[in-house]
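As structure tokens, the structure follows; a few thoughts come after it.
Protein chains: 4
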Amino acid sequence: MAETDSETETDPSAEIAELRARQSPTRRAVSEGMEARLHTLHPVLDHGFVRVVDYMGNDAAIVQAARVSYGAGTRRARDDAGLIRYLMRHWHSTPFEMCEVKLHVKLPIFVARQWIRHRTANVNEYSARYSILDREFYIPAPEQIAAQSRSNRQGRGETLGGGEAARVLELLREDSRRCYDHYQEMLGEGIGLARELARMNLPQNIYTQWYWKTDLHNLFHFLRLRADAHAQYEIRAYAEVICAIVADWVPLAWAAFEDYRLGGVQLSAKGLDCVRRMLRGETVTQENSGMSKGEWREFEGVIGG
Amino acid sequence: MAETDSETETDPSAEIAELRARQSPTRRAVSEGMEARLHTLHPVLDHGFVRVVDYMGNDAAIVQAARVSYGAGTRRARDDAGLIRYLMRHWHSTPFEMCEVKLHVKLPIFVARQWIRHRTANVNEYSARYSILDREFYIPAPEQIAAQSRSNRQGRGETLGGGEAARVLELLREDSRRCYDHYQEMLGEGIGLARELARMNLPQNIYTQWYWKTDLHNLFHFLRLRADAHAQYEIRAYAEVICAIVADWVPLAWAAFEDYRLGGVQLSAKGLDCVRRMLRGETVTQENSGMSKGEWREFEGVIGG
Amino acid sequence: MAETDSETETDPSAEIAELRARQSPTRRAVSEGMEARLHTLHPVLDHGFVRVVDYMGNDAAIVQAARVSYGAGTRRARDDAGLIRYLMRHWHSTPFEMCEVKLHVKLPIFVARQWIRHRTANVNEYSARYSILDREFYIPAPEQIAAQSRSNRQGRGETLGGGEAARVLELLREDSRRCYDHYQEMLGEGIGLARELARMNLPQNIYTQWYWKTDLHNLFHFLRLRADAHAQYEIRAYAEVICAIVADWVPLAWAAFEDYRLGGVQLSAKGLDCVRRMLRGETVTQENSGMSKGEWREFEGVIGG
Amino acid sequence: MAETDSETETDPSAEIAELRARQSPTRRAVSEGMEARLHTLHPVLDHGFVRVVDYMGNDAAIVQAARVSYGAGTRRARDDAGLIRYLMRHWHSTPFEMCEVKLHVKLPIFVARQWIRHRTANVNEYSARYSILDREFYIPAPEQIAAQSRSNRQGRGETLGGGEAARVLELLREDSRRCYDHYQEMLGEGIGLARELARMNLPQNIYTQWYWKTDLHNLFHFLRLRADAHAQYEIRAYAEVICAIVADWVPLAWAAFEDYRLGGVQLSAKGLDCVRRMLRGETVTQENSGMSKGEWREFEGVIGG
């Protein structure tokens, strides 16, 4: 991406130790929980990580924006919590947009392709036109090697038996190794193929890296979809690490999000009607619910808990 | 916007002094120039201001994102400047998106309506459904009271003479005062009209406030359009204050922006062809330029300087 | 906004009759219900309207996009309805983004300021820098002139009595007329003030116009917030007209939206827990619910119906 | 993505013939040039295509939006062209946003990953969690198999010699075939691996498909970057096909775009200063230009033509 050469490769852990050791005074809002997280490489999957590079705002900043006030929110933490819960409950999204986070993430390409569908974010990805990718591929742990789900066309079901899992691992490892060997051969002196062409030979379990920056409202939306049980395990692994980071960053907003979004449910008009009838003592079945079989099954799962 | 009552009105200047006095250690990237600006009320027009509430990133953060690197950019400032200029010249916008700023702005409603057309930003505005607006109206300085431009259907021309200007000031002041008196009467005990209705009686020179947060790339876009000579004076006054703030925040990015965008020009294919012909010694006129009269006039303005 | 003069004012109703009379063949997806709506001025409030200028897509286009298929969705309408309901239930928003609508709207400025907060849309507004606004102001119908709500800081309560309402109408009418008279005086030959300045004297109940274009997913989001009982009546009036238009445009998507969003509710984790306990026969009160008083009141309103 | 099974595979060409044969009357704005393009598969690379699925607006719609008018733009085509050129020259982007296009694109995954970086668009991609991808891989034509550029770290230089090109083709073909064979083996009855896992073994030259919808302003931005000589050949091939489509769709807007953006250049403040000095007869060299060597080289390329 640049006209000058990249600097010599340095050891990340030394750079990170240096970054964590350095502190400067600031007049900005600070989150103690997030300061403790900054720059640490939080490992995900076999070679990936999430690292907080920077953040803006804290719980008080949400309150401050909602009030368009000069100072630092109310004086009492209880009021802040109540206001934040009110904002979350009534879908006031703009105060949450006033917090921002910048992450450095290392992740397999097939995960990156799901992630990038969240468009309200800023991204700088490591360029395989400009640089050579490292020989690092995601190889699932044996307990993650699962059969196609029978009930859900886009999910996985039971873990495969030892023989099948071993064969999958063998194929993934061998194809990764061979494709990368050929990538190197094409880039090497004998051929000298352009990097922008050679990269197309790499399978989608190779790791890439990016800087990803988004606001808290859009991050919550990402987490609601990607920390969900229906999300693919590999992206969920990243979402869960980010959930733990957010809980430290903005504990009041996180608690409201957990109660109203992650742990909450959406009832349809029909579902709400059924709940009301059931609470009045009526016997409600799929037949008299107005719902399709699929909807009724999901509804029962929700209210049966 | 909230269920709990707003806190008692406090003196902004005391709050700001308190905010500026408080410093905390942070592991985040810091901009010394921006720290010096934080929380200060930079006055604009007669009652408005721009206040930096928070920021994320600095020049090094742009370099770091462009390289997707662990550490703090290159070791040499000259390299950082060269890379930032390269990114700006070649329209690589994503590294600039990695910096973010949050402003508290007080501005007349007719300015707010122009400003909000820049959609890639986060906004929390003071709610006149929820609160009562203050009696503060923008009344232009006499030298700003100008006639409709004859050449530009959407601009202003020469300053009006003393008598005309005085009449304009009289009308603006009287209507502002009367409309606000009636606003108060409608809200008062005798009538008790809902705030969301009473506000419609207020003219568009009344001041509102908002928190406005955007990234550096989109801020540059805003500044290119709004610090331009064709922008209405009142919004340009805000843009110019923000320009000075950005120059302190990210001096290298600002210098590149000034050279390539603010001070730069876009030549059309026809314009470029004319420049090439002129440099070869050819005499080029509107007639043989391929341009319309309007375009030729603008072209001459550009290359004649 | 343009260098050439605006054409002479023509009669809208003649233009609209002409537009409605003209039909052309197209290979695009067509919605019969929307064709019937096209170009008609649907009146809103006292001088406003909503007019459909253009649209893209129909129910089948949503199905087609979800399947990334060549043709026109499934062969059976029942399957299309089931798939659309599934997409809505599981928050698959991208297929709904594949439909687009362009509206011409005439609305008071204080309504426009609420509306524009929905940022994922394209807008071209009538420019009061470039043109002179018409003398048309929103004056509420007497039954809309209501007191400030006691329970909701940002809503209205009971309709005002005859005397109070009459005084409000008098003030709104007089201030509108006087401000507009002065606007004209400032623009007139005697003074010749620039339009971009004169407009600031106009109160916010004056009407403006814009072209507003958005996709169906974002339109649904707009309607969920603005057709809601908590929205201000004046913007709700627009939202309700648009609801009727959407129901004709994409009847299957509309039915799913009505069931899952408009008529549906969001239960928090605590609320869901309470419902489950109540269905098991437990007596649940605010005290043992884990909710605050405000939340419990809202929860009772939901499940009590 | 759906709960019901996908319909049986049908022949695209039959579906397309059927779609093209069907015409319906509409009251919407029509572009004759675009009607002729609708649904046709425009081939790109070895297995890819671009197909226009739908569009909204035409040149007159841009004019109409800029004027916020009722009818169909001005009566004279010359005025429309002048206004559209004016809008383009002065960066008035919102009228161009009033046109929208929806494309069905088949493209290799490494191209899709560049494409998706343009975030202001709506996308529905064929899901490899839900469905099995076809055995179709991009294999470059021999004349596209080029060495890494020496001057540009992210570009390609000279075409490789016959022996090297043959080896590249052999590696790409073999790895594609083997990886796909193993993909099938993992999905097959003997193993039954979940599709969401098996897909990670596929190299990035495999083809995917998506529906992609964007407005004309953002499409122009995409084309300016991706139809540029610095763009990677493979995405440029798509951009050039789309350019031809846009030229038929909105010929006036296309002509303005070609003149002001595609064929135009951006001069920096320093570059403009040099041009002015040269036109006054001064001898300007890199040394007295104020530019770096890299900038001067680019500047000479521009003005030398």
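Chains as they are written, first to last, in the working numbering: chain P, 20 to 324; chain C, 20 to 324; chain S, 20 to 324; chain G, 20 to 324. Every residue, glycine too, gets a C-beta built ideally from N, C-alpha and C.
- residue 211 of chain S versus chain C: which residues are under 8 Å apart at the beta carbon? Those within 8 Å of residue 211 of chain S in chain C are 166, 167, 179 and 183.
- Query: What in chain G is Cβ-close to residue 297 of chain C, meaning under 7 Å?
  - Reply: Under the 7 Å cutoff, chain G gives 298.
- Mind listing the chain P neighbours of residue 312 of chain S? Cutoff is C-beta to C-beta under 7 Å, in chain order. Simply none; closest approach about 11 Å.
- With a cut-off of 8 Å, does the C-beta of residue 135 of chain G fall near any C-beta of chain P? So, interface residue.
- Item | Those residues which DSSP pairs with residue 337 of chain C across a bridge | For chain C, the structure presents residues 20 to 324; residue 337 of chain C sits outside this window and is missing.
- Task: Step through the CB atoms of chain P and report whether any lies within less than 8 Å of the CB of residue 57 of chain S.
- Result: Taking Cβ atoms only, chain P never reaches closer than 8 Å to residue 57 of chain S, which makes this a no.
- Query: Grouping DSSP H, G and I as helix and E and B as strand, with all else coil, what is residue 234 of chain S?
  - Reply: In this structure, residue 234 of chain S counts as strand in the three-state DSSP scheme.
- is_contact[residue 305 of chain P, chain S] using C-beta, thresh 8 Å: It does not; no Cβ of chain S falls within 8 Å.
- Item | Beta-carbon separation (whole angstroms), residue 1 of chain C vs residue 45 of chain P, contact threshold 8 Å | Any property of residue 1 of chain C remains undetermined from this structure, which presents chain C solely from 20 to 324.
- Of the residues P:323, P:214, P:110 and P:86, which one's Cα is nearest the Cα of residue 175 of chain G? Nearest option by C-alpha distance: P:214.
- Using a Cβ cut-off of 8 Å (strictly closer), state whether residue 35 of chain P contacts chain C. Yes, residue 35 of chain P counts as interfacial toward chain C.
- By how many angstroms is the C-alpha of residue 86 of chain C removed from the C-alpha of residue 101 of chain C? Roughly 13 Å between the two C-alpha positions.
- Run through the segment 125 to 171 of chain C for me and flag every whole beta strand (DSSP E) of 3 or more residues, listed as ranges in chain order. Here the runs fully enclosed are 141 to 144 and 165 to 167.
- Message: Check this for me: beta carbons of residue 148 of chain C and residue 163 of chain S, under 8 Å apart or not?
- Response: No; because the gap between Cβ atoms is not below 8 Å, this pair is not in contact.
- Residue-chain proximity (residue 287 of chain C, chain G), Cβ-Cβ < 8 Å: Under the Cβ distance rule, residue 287 of chain C counts among the residues neighbouring chain G, one pair being separated by less than 8 Å.
- Task: Can you say whether residue 307 of chain S is buried or exposed, counting buried as having 16 or more other CB atoms within 10 angstroms of its CB?
- Result: Taking all protein chains in view, the Cβ of residue 307 of chain S is surrounded by fewer than 16 other Cβ atoms within 10 Å, so the residue is classified as exposed.
- Message: Rounding to the nearest angstrom, what Cα-Cα distance links residue 161 of chain P and residue 185 of chain P in this structure?
- Response: Distance from the CA atom of residue 161 of chain P to the CA atom of residue 185 of chain P, rounded to whole angstroms, is 8 Å.
- Which residues in chain S sit within 7 Å of residue 187 of chain C, going by Cβ to Cβ distance? Those are 205, 210 and 212, listed as they occur along chain S.
- Can you say whether residue 256 of chain G is buried or exposed, counting buried as having 16 or more other CB atoms within 10 angstroms of its CB? Residue 256 of chain G is buried by the Cβ-count criterion.
- Message: Please identify, using Cβ separations under 8 Å, the residues of the segment 256 to 287 of chain S that lie next to chain P, in order along the chain.
- Response: Within the segment 256 to 287 of chain S, contact with chain P at the beta-carbon level (separation under 8 Å) is assigned to 277, 278, 279, 281, 282, 283, 284, 285, 286 and 287.
- Reduced DSSP secondary structure (H/G/I, E/B, other) of residue 210 of chain S: If DSSP states are grouped into helix, strand and coil, residue 210 of chain S belongs with coil.
- Message: Does residue 305 of chain C come out as helix, strand or coil in the three-state DSSP assignment?
- Response: Annotated three-state conformation of residue 305 of chain C is helix, per DSSP.
- Item | Pick from S:189, S:219, S:190 and S:194 that is closest to residue 187 of chain C, judged by C-alpha positions | Residue 187 of chain C has its Cα closest to that of S:219, out of S:189, S:219, S:190 and S:194.
- Message: Counting only C-beta atoms, is residue 323 of chain P closer than 8 Å to chain C at any point?
- Response: The beta carbon of residue 323 of chain P sits no closer than 8 Å to any beta carbon of chain C.
- Does the beta carbon of residue 4 of chain C sit closer than 8 Å to a beta carbon anywhere in chain G? Any answer about residue 4 of chain C is impossible in this case: the structure gives chain C only from 20 up to 324.
- Under 8 Å between C-beta atoms, does residue 142 of chain P make it to chain S? Taking a beta-carbon distance threshold of 8 Å, residue 142 of chain P does not count as an interface residue toward chain S.
- Query: For residue 74 of chain S, which residues does DSSP report across the bridge?
  - Reply: BP columns for residue 74 of chain S point to S:120.
- Assign residue 304 of chain G to buried or exposed, taking buried as 16 or more other Cβ atoms, counted over all protein chains shown, within 10 Å of its Cβ. Classification for residue 304 of chain G: exposed.
- Ends of the beta strand (DSSP E) at residue 286 of chain G? Residue range 284 to 286 is occupied by the beta strand (DSSP E) that includes residue 286 of chain G.
- Going by DSSP, which residues form a beta bridge with residue 63 of chain C? The partner list for residue 63 of chain C (beta bridge, DSSP) reads C:67.
- Return the Cβ separation of residue 223 of chain S and residue 221 of chain C in integer angstroms, given the expectation that the two are a contact with Cβ distance under 8 Å. Correct: roughly 6 Å between the Cβ atoms.
- Using the C-alpha atoms, what's the distance from residue 254 of chain G back to residue 130 of chain G? Between residue 130 of chain G and residue 254 of chain G, the C-alpha separation is close to 6 Å.
- Item | residue 144 of chain C, buried or exposed, once every other Cβ within 10 Å from all chains shown has been counted against 16 | If you draw a 10 Å sphere on the C-beta of residue 144 of chain C, you find 16 or more other C-beta atoms in it, and that means buried.
- Item | Cβ shell of residue 262 of chain C (< 7 Å), same chain only, five flanking positions each side left out | For residue 262 of chain C, where only same-chain residues beyond five positions count, the Cβ hits under 7 Å are 242 and 246.
- Task: For residue 242 of chain P, decide whether its Cβ has a neighbour in chain S, counting only Cβ atoms nearer than 8 Å.
- Result: Output row for residue 242 of chain P: interface = no.
- Using DSSP with H/G/I as helix, E/B as strand and the rest coil, what is residue 228 of chain G? Assignment of residue 228 of chain G by DSSP, reduced to helix, strand and coil, places it in the strand class.
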